[in-house]
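Read through the structure below, which is laid out as structure tokens, and then see the notes.
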Amino acid sequence: MKRIGILTAGGDTPALNATIHGAVARASQLRLEIFGFIKGFNSLLNSRLPHVHLNPLMREIPELDATMGGTVLGASRDYLSSDNPQQMEQIYDRLSQLQIEGLICIGGDGTLNGLQPLTERLPVVLAPKTIDNDLGLNYPSEPDQWYLDDQECYQYKNSSLAFNQEHMVNYATPGYATAVFDSAMGVERVRTTAESHRRIAIIEVMGRHSGYIALGSAFGRPDIILIPESHVHIDPLVERIMELYELQKNVVIVCGEGIKDEEGNELGAAQHTTDPAGNIILSGAAEALRSMLIERIGDGYFVSRRRGESANASIFTRKVGHTQRGGRPVLFDRFYASQLGGKAVDMLLEGQNNAVSVLQWSNERGFYVDSFEGYRLRDRWGQIHARFVHPSFYDEDHMKPSQVGIDYLLPIFTNAVGHDDVEHIRRTLFASGNLMLPYHSVNTDINKRIRYLGG
Ligand code: F6P
């Protein structure tokens, strides 16, 4: 191989540039040219195939900074369709014209589904990313636990096998640690204001149907964590909230955006995106929960205790939102994202196709990168499912991570933040230049490097 391509697909995460950097550094070491495609699969669908040479003369372009969030290549939620052979033919033709011999897609489960049609014509591997931490398996045979019910809906039956951290496939995904860092900080900050004003705070974090971000936000020490994998039982929840409120006059609750009620219905609204990977957008879980609590607890309770004018004024929500997905990636994410990018290059050179570079963990070795065949993530019908928080990670009675969950989180987050991350805040946030100079977007510089097929 002499030249490979790389693209960033789906929603962005903070460590994408670090993954690209790892791939470019490894490619340059191996004297391999690497071209980046602009805006994910959107570039391949464009007859002009917009691209950037990321290592001219085997030197990484200066715009590529592993400590910057986002992606210099741009991202989109466009995917390829295997139902359109003509389109696939055109894409393959474009890639051949540019002499691309292998492709790295940085993405999550949607991307792994989306890159399938290409693997029939070209070696393609995935370097993982997602703040949701839902790309991977809790144990290698997990895809076999999915079955279709009478209504042809997917159902999951958890295995009776005891959980073992060392058997997880892709222990953690670049982006997850930074998202948790942001959420846990948000929880800490909301706490003191809830304390002062005798309020109940509900903080909604991202993650779609997986509760990993909510689970990790335990580092911010909320009182209650609700995850989508464990249905919300309103009676014990209200009882616990009142108990805590009596004691400390404030309660902080974290909820994943995909939490469900007792019947298994999502509390928030689910909307289908235009994303052909089938992803959905969830919104409003915290608000829905707030309404339920206002109704159950009622104004009288707050008024009689002189802790607020009404339930409405005493219970508030905060959505952490897209700050979870943006900004500088913490050290853990940068370091392993870069290794996973480098590993993806090695995998292409080893002749692998339709495989994923994964981050593994063992007590003896700590974290290490490996590869995993894509088909092993699929169920018997060929579907890749988002990984759920394993039931043993969550203590339903206390509504918090269990000891197994704590054991899962600790290796990721102990030392996840580097000295330089802290120093970065100290040096750059209140730099006087920030007030004088306008923001200079990396897109402006990358635009100058974009080339097109045939010109
Ligand atoms: O999959 C990543 C994610 O951030 C989810 O946690 C969230 O539900 C979704 O993307 C939001 O997507 P968008 O940025 O397109 O609104």
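Note that the numbering used here has the sequence shown beginning at 30, numbered continuously upward.
Backbone N, C-alpha and C fix where the C-beta goes; we use that ideal spot for every residue, glycine too.
Contact test: residue i Cβ vs ligand 1 heavy atom, cutoff 6 Å
i    : result
G204 : no
R354 : yes
Q236 : The amino acid at residue 236 is misidentified as Gln; the sequence shows Gly. For ligand 1, at least one heavy atom lies less than 6 Å from the Cβ of G236.
D161 : yes
G69  : no
G40  : yes
Candidates the options: closest to residue i by CA position
i    : options                : result
L127 : S72, D264, D449        : S72
Y397 : G403, E130, R409, G370 : G370
I63  : D112, R250, R77, E130  : E130
D399 : R405, D408, Q389, L406 : Q389
A314 : R334, G350, E149, R325 : G350
N142 : A384, F331, I479       : A384
P43  : R60, L74, D211         : D211
V267 : G103, L36, D426, S76   : D426
P203 : I242, I254, N167, V216 : I242
A247 : E258, V261, I232, H260 : I232
N279 : K289, L244, S225       : S225
H414 : D375, F361, S239       : S239
M117 : R150, E181, I253, P85  : R150
R478 : G285, Q277, I67        : I67
F528 : V433, M428, Q412       : Residue 528 lies beyond the range of the chain shown here (30 to 484); nothing can be said about it.
G395 : R416, N444, M376, D474 : N444
D122 : E217, G51, S76, L273   : S76
D112 : R319, P257, L147       : L147
I256 : R228, I270, R269, L296 : L296
M197 : W410, L464, T473, S391 : S391
M235 : I270, C284, T221, Y200 : C284
L61  : G69, L83, F70          : L83
E393 : G337, A52, E195, A373  : E195
Q115 : I475, L74, H469, P85   : L74
W175 : R455, G411, M465       : G411
V374 : R228, G447, R55, N199  : R55
T207 : D424, D173, D41        : D41
L406 : V81, T473, C134, N199  : N199
E324 : S343, R336, R334       : S343
R106 : L177, C134, A460, L276 : C134
Integer Cβ distance of residue i from residue j, believed to fall under 8 Å
i    : j    : result
R237 : L144 : About 20 Å separates the two Cβ atoms, so there is no contact after all.
R354 : H453 : About 18 Å separates the two Cβ atoms, so there is no contact after all.
E387 : F401 : The identity of residue 387 in the sequence shown is Val, whereas the question assumes Glu. The pair is a contact, with the Cβ atoms about 5 Å apart (cut-off 8 Å).
L164 : D138 : 5 Å
E92  : V101 : 6 Å
Y437 : P79  : Contact flag wrong, Cβ pair sits at about 41 Å.
F331 : A230 : The Cβ separation is near 14 Å, so there is no contact.
L132 : G99  : With 8 Å as the limit, L132 and G99 do not qualify as a contact, their Cβ atoms being about 21 Å apart.
L322 : D450 : The pair is not a contact, with the Cβ atoms about 36 Å apart (cut-off 8 Å).
T140 : A38  : 4 Å
P251 : V281 : 4 Å
I35  : G65  : 5 Å
D328 : A340 : 5 Å
K25  : I254 : With the chain running from 30 to 484 in the structure shown, residue 25 is simply not present.
N187 : P467 : Not a contact, Cβ separation roughly 53 Å.
A17  : N162 : Nothing can be reported for residue 17, as the shown portion of the chain is limited to 30 through 484.
L124 : L378 : No, L124 and L378 are not in contact; Cβ-Cβ is about 17 Å, not under 8 Å.
S57  : M97  : So it is not a contact: roughly 19 Å between Cβ atoms.
R319 : V219 : The Cβ separation is near 14 Å, so there is no contact.
Cβ contact check for the region 361-372 and the region 156-173: 3 or more pairs under 8 Å:
The region 361-372 vs the region 156-173: in contact.
Three or more C-beta pairs under 8 Å: does that hold for the region 254-269 against the region 286-296?
Touching, per the Cβ criterion.
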